[in-house]
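Engineer: Numbering (the working numbering), first residue to last: -17 to 114. I'd like to ask some things about the structure below.
Structure (structure tokens):
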């Protein structure tokens, strides 16, 4: 598969992931409220704000002009929501329906998403000296 096709498919997949998760923040805020660490303020507001920025970042990935800033924004968002993943891992009794291995897997997967967002938002060199 040519690199540019692979890159475009990866961008579409990452974009779809963030857009869908962002929409889910508005459709299913109860779940996201349960994973908010108690010490964080403004739980409902944070759920909606993070959902909004996930949608915005996902859409931005599809527009080459906004891809870099969207990628950096999504990286910042992934860092900002990481405490929720840590909270889930250290309080597994609060999430009895989720296997403990899945709670720890979330911690590791976050780094995969860091890498994915970062690597896809860098300009890709095209042999014809054009950036995709």
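The beta carbon of each residue, even a glycine, is placed where N, CA and C say it ideally should be.
1. Using a 10 Å radius around the Cβ and a threshold of 16 neighbouring Cβ atoms, would you call residue 16 buried or exposed?
2. Just reading off the alpha helix (DSSP H) that residue 70 is part of, what are its end residues?
3. Give the single residue among -7, 103 and -2 whose Cα lies nearest to the Cα of residue 51.
4. Among the candidates 13, 44, 22 and 94, whose CA atom is the shortest distance from the CA of residue 79?
5. What is the DSSP secondary structure of residue -7, counted as helix, strand or coil?
6. Could you tell me the boundaries of the alpha helix (DSSP H) in which residue 24 lies?
7. Does residue 29 pass the burial test, meaning 16 or more other C-beta atoms within 10 Å, or should it be called exposed?
8. Could you check whether the segment 36 to 44 touches the segment -9 to 3, counting it as contact only if at least three pairs of C-beta atoms, one from each stretch, sit closer than 8 Å?
9. Evaluate residue -12 with the Cβ neighbour count: other Cβ atoms within 10 Å of its Cβ, from every protein chain shown; 16 or more gives buried, anything less gives exposed.
Structural biologist: Reading it off the structure:
1. Reading the chain shown from its first residue, position 34 is the one you call residue 16. Exposed, by the Cβ-count rule.
2. Along the chain shown, read from residue 1 onward, the residue named residue 70 stands at position 88. Run containing residue 70: 46 to 72, per the alpha helix (DSSP H) assignment.
3. Numbered from 1 along the chain shown, position 69 holds the residue referred to as residue 51. Comparing Cα-Cα distances from residue 51 to each of -7, 103 and -2, the minimum goes to 103.
4. For the purposes of this step, residue 79 is taken as residue 97 along the chain shown, with counting starting at 1. Considering only alpha carbons, the answer is 13.
5. For the purposes of this step, residue -7 is taken as residue 11 along the chain shown, with counting starting at 1. Reduced to three states, the DSSP call for residue -7 is helix.
6. Here residue 24 corresponds to residue number 42 of the chain shown, with the count starting at 1. Counting along the chain, residue 24 falls outside any alpha helix (DSSP H), and DSSP gives it neither H nor E.
7. Residue mapping note: residue 29 aligns to position 47 of the chain shown, counting from 1. Buried.
8. yes
9. Position 6 of the chain shown, counting from 1, holds the residue named residue -12. Residue -12 is exposed by the Cβ-count criterion.
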